[in-house]
Each structure stands twice: as C-alpha cells, then as structure tokens.
Amino acid sequence: MIITQTPLRVSFVGGGTDFRDYYRRNGGAVLSTTIDKYIFVIVKKRFDKKIRVGYSTTEMVESLDELKHELVREGLRKTGITEGIEISTMADIPSEGSGLGSSSTCTVGLLNAFYVYQGKPKPPETLAKEACEIEIDILGKPIGKQDQYAAAYGGLNIIRFLPDEKVKVESLLIDESIKRKLERNLMLFYTGMVRKSSEVLSEQKKNIPDITGILDELKVMVDELKDCLYKEYLDDFGKLLHYGWQCKKKMASKITNEKIDEYYEKALDAGALGGKITGAGGGGFMLLYCPQEKQDKVRDALSELQELPFSFNRDGSRVIFNIRR
C-alpha cells in the first residue's frame with residue numbers, strides 16, 4: 026500500500042500568465058505558497074485484475090478505458106499500470122471549485138503514488154511536467170501550469186514559465202519571522218459558491234489577446250510582492266494584493282459577482298488591506314490580508330462564511346506510507 030500527501034496552494038499573483046497562449050510570447054510568472062491542506066491518494070494491489078477507484082463515487086471496471094475518473098485513467102495510462110489496482114482519493118476541503126488547485130494537486134498525487142507503487146519514484150520536475158501533459162495536452166483543460174508545479178515542489182515560490190516551455194521554481198528564502206508574520210496576517214474564507222473553473226478559465230483563455238496588458242502588469246507585480254517580502258513591507262504586500270484583484274476582475278466576466286464583491290467590501294471596511302478570490306474566481310475561497318489586531322472585526326463582518334485556518338507548507342507531494350509487497 027502506498028499513501029501520498031500532496032498540498033493545496035494559495036496563489037497570490039500572476040495567475041493567467043501561466044497559460045501557454047501568454048507565456049510562449051511573453052514569459053510568465055506567479056507567486057504562490059502551498060498550505061497545510063492536502064489531497065491524499067491511497068493505492069494498493071488487488072487480488073484480481075480489476076481496477077477499483079473510490080472518490081465521491083466508486084468505480085469497478087475491467088479495463089482502463091472504462092474509467093470515468095479521467096485524472097486516474099490518464100495517470101494510470103501515463104505510468105503504465107493497466108490492471109489489478111485499487112485507488113482512493115480524499116481531500117481536506119471541498120475538492121471541486123475550491124480555487125486552491127485541487128485538480129492539479131490530485132493529478133500530481135496520483136502520479137507520485139503510481140510511480141512509487143511500481144518502485145520507480147520520480148522527482149518533482151517530472152511529476153509536475155507529466156501532470157501538465159495529462160491535464161492540458163491530453164484532456165484539453167483550459168488551465169495554466171502553476172498548480173502542478175506548486176503541488177509537486179511545495180513551499181513559498183516564484184514559478185517562472187519560459188517561452189521555450191521550461192519552468193523555473195525559485196524558492197523565496199525570506200527570514201522565518203517574516204514568513205510567520207505574513208502567515209498570521211492571511212485569512213481564508215469559504216464563500217460557499219461552487220463553480221466549474223473551466224467555465225471561467227475558458228473565457229479568460231479566449232480573452233488573452235485583449236488582456237495582455239493586464240497580464241503584463243500582474244507579471245510585474247510578482248517581483249514587486251517579492252520585494253515587499255524581503256524588505257518586510259507586509260502591509261504593502263496586502264495593498265498590492267488588492268490592486269492585483271482589481272486587475273484580475275477585468276480578465277473575464279465570471280471572475281466575480283455581486284455577492285463576492287459584497288463580501289470583499291465588508292472585509293475591507295472591517296480592516297482588511299487586500300485580498301482576492303483564489304484560483305479562477307467565481308467562487309471557492311476568498312484570501313484576505315489583514316493585520317492581526319483587526320481580524321476579529323473581519324470575522325464578525327463575514328460571520329456567514331466559514332473560515333479555514335491554515336499554515337504554510339514546506340513540502341511538495343510526498344509519500345507518507347509505503348509498504349510494497
């Protein structure tokens with residue numbers, strides 16, 4: 026039996042510049058961190074040749090092609106497993122439409138588990154690259170490449186997407202005290218709105234020729250936020266998050282709505298300096314930057330929403346249980 030633990034992520038700025046239609050011309054960059062919320066993948070050998078997959082439903086099939094869970098199906102195909110296996114996935118948060126990169130996190134965790142199951146562990150670069158191939162090239166999802174690399178590598182990073190398809194992961198080695206203070210000044214609230222990210226991202230992808238200027242600006246902000254962290258200008262970090270959210274809202278029509286805007290304005294009025302909807306937008310989790318002394322007021326203002334306490338995570342996808350027979 027193999028169990029992998031793969032972290033979800035919070036993206037601060039740069040989302041959209043990781044789309045191939047953009048970075049192939051301009052190069053892209055995102056600033057993100059993984060958090061202590063995970064997707065777990067459990068893999069074990071079956072006594073027969075069937076394939077059983079357990080998630081929100083259960084599938085038992087005779088052949089790979091019969092599987093409806095496309096990430097599992099293509100992950101098995103990519104790693105060369107065709108029969109005699111049981112797979113289960115579990116998540117710490119609602120897995121669909123969270124905005125925390127759950128789909129790509131799941132793909133990375135599956136690949137890691139499948140390779141280790143065969144005694145062929147792969148480095149983070151391979152896991153991320155193959156997860157991108159599955160989601161973008163094989164399944165044709167209208168997504169970028171940031172989530173796969175965040176999940177595979179873990180930590181607080183700038184991830185740069187080069188025009189030649191190379192990806193560079195730059196770990197931000199800021200002082201631990203600064204990192205902890207940033208962590209304490211961040212809040213996550215679940216909006217309760219579930220949306221398919223593909224609906225938002227398809228429009229955003231289609232709009233890239235018209236929003237290149239916005240994407241250029243978000244890319245520049247990646248290094249501006251990096252400077253804020255190294256200089257400990259954390260409130261400026263929060264204010265830049267606010268500006269980035271104003272930019273992001275212009276990229277597609279469904280990124281925000283009246284209810285999200287209402288929640289966000291309540292948070293600002295209560296003392297938050299900035300924030301954003303994580304991921305594609307339209308629902309899922311709202312990230313806020315708020316000095317600690319004003320956080321109780323923000324909680325009161327958003328009392329109808331569920332808060333998700335979290336900490337930064339250092340590790341990417343890893344095996345937490347391994348008994349191979």
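Heads up: the sequence shown runs through residues 26 to 350, numbered per my numbering.
All C-beta atoms, glycine included, are put in the ideal place defined by N, C-alpha and C.
- prompt: So, do the segment 261-273 and the segment 55-69 have three or more beta carbon pairs nearer to each other than 8 Å?
  reply: Output reads no: the segment 55-69 does not touch the segment 261-273.
query: Closest Cβ-Cβ distance between residue 152 and chain B: below 8 Å?
result: In summary, chain B is missing from the structure at hand, where a single protein chain is found.
task: Below 8 Å on the Cβ atoms is my guess for residue 244 versus residue 39; work out the distance and round it to an integer in Å.
output: With a Cβ gap of about 6 Å, residue 244 and residue 39 count as contacting.
query: Exposed or buried, what is residue 318 when buried is set at 16 or more other beta-carbons lying within 10 Å of its beta-carbon?
result: With fewer than 16 other Cβ atoms within 10 Å, it is exposed.
message: Please state the DSSP three-state secondary structure of residue 177.
response: The answer is helix: DSSP assigns residue 177 an H, G or I state.
Distance between residue 105 and residue 200 (C-alpha atoms, nearest Å): For residue 200 and residue 105, the distance between alpha carbons rounds to 43 Å.
message: Excluding the 5 residues flanking residue 344 on each side, which residues of the same chain have their C-beta closer than 6 Å to its C-beta?
response: Around residue 344: 29, 141.
message: Out of 194, 86, 302, 166, which one is the CA nearest neighbour of residue 96?
response: It is 166.
Rounded separation between residue 173 and residue 179 - CA only: If I take the Cα positions, the gap works out to 10 Å.
message: Can you find the residues in the same chain that come closer than 7 Å, C-beta to C-beta, to residue 347, ignoring five residues on each side of it along the sequence?
response: Here residue 347 has 27, 141 as same chain residues with Cβ atoms under 7 Å from its own Cβ, once five neighbours each way along the sequence are excluded.
- request: Please name the residue in 294, 190, 33, 251 whose C-alpha comes closest to that of residue 116.
  value: The residue from 294, 190, 33, 251 with its alpha-carbon nearest to that of residue 116 is 33.
- request: Find the nearest neighbour of residue 69 within the set 86, 89, 139, judged by alpha-carbon distance.
  value: With respect to the C-alpha of residue 69, the residue from 86, 89, 139 having the closest C-alpha is 139.
- request: Could you check if residue 288 is buried or exposed, using at least 16 other CB atoms within 10 Å of its CB as the buried criterion?
  value: Under this definition residue 288 is a buried residue.
- prompt: When the distance is taken between beta carbons, is residue 186 closer than 8 Å to residue 54?
  reply: Yes, the pair counts as a contact, with Cβ atoms nearer than the cut-off.
- request: Note down the Cα distance separating residue 263 from residue 144, rounded to an integer number of angstroms.
  value: Distance between the alpha carbons of residue 263 and residue 144: 44 Å.
message: If you reduce the DSSP assignment to three classes, tell me which class residue 329 lands in.
response: Residue 329: coil per DSSP, three-state reduction.
query: Count the other CB atoms within 10 Å of the CB of residue 133; is the residue buried (16 or more) or exposed (fewer)?
result: So residue 133 ends up on the buried side.
message: Going by beta-carbon coordinates alone, are residue 228 and residue 177 separated by less than 8 Å?
response: Not closer than 8 Å, so no.
task: Please report the residue range of the alpha helix (DSSP H) in which residue 222 lies.
output: From DSSP, the alpha helix (DSSP H) with residue 222 extends over 222-232.
query: So what does DSSP say about residue 293, is it helix, strand or coil?
result: In this structure, residue 293 counts as helix in the three-state DSSP scheme.
field: residue 49 versus residue 160 - alpha carbon distance
entry: The straight-line gap from Cα to Cα measures roughly 18 Å.
Residues of its chain near residue 284, where Cβ-Cβ distance is below 8 Å and the 5 sequence neighbours each way are ignored: Non-local beta-carbon contacts of residue 284 in its own chain, meaning distances under 8 Å to residues more than five positions away in sequence, involve 216, 218 in chain order.
- prompt: Which ranges would you report for the beta strand (DSSP E) in the segment 65-140 if only whole runs of at least 3 residues count?
  reply: DSSP runs (the beta strand (DSSP E)) wholly in the segment 65-140: 76-79, 83-86, 110-116.
- prompt: Can you tell which of 110, 75, 85, 35 has the C-alpha that lies nearest to the C-alpha of residue 67?
  reply: The residue with the shortest Cα to Cα distance from residue 67 is 110.
field: For residue 243, three-class secondary structure by DSSP
entry: Helix, per DSSP.
Residue 30 - containing alpha helix (DSSP H), residue span: Taken as a continuous stretch (DSSP letters only), residue 30 belongs to no alpha helix (DSSP H), being part of the beta strand (DSSP E) at 27-38.
Local conformation of residue 51 per DSSP, three classes: In this structure, residue 51 counts as helix in the three-state DSSP scheme.
Residue 312 beta carbon less than 8 Å from that of residue 322: Taking 8 Å as the Cβ cut-off, residue 322 and residue 312 do not qualify as a contacting pair.
task: Measuring alpha carbon to alpha carbon, tell me which of 175, 260, 246 ends up nearest residue 208.
output: Closest by alpha carbon: 260.
message: For residue 81, tell me which candidate among 94, 41, 71 has the shortest Cα-Cα distance.
response: For the residues 94, 41, 71, the minimum Cα distance to residue 81 belongs to 94.
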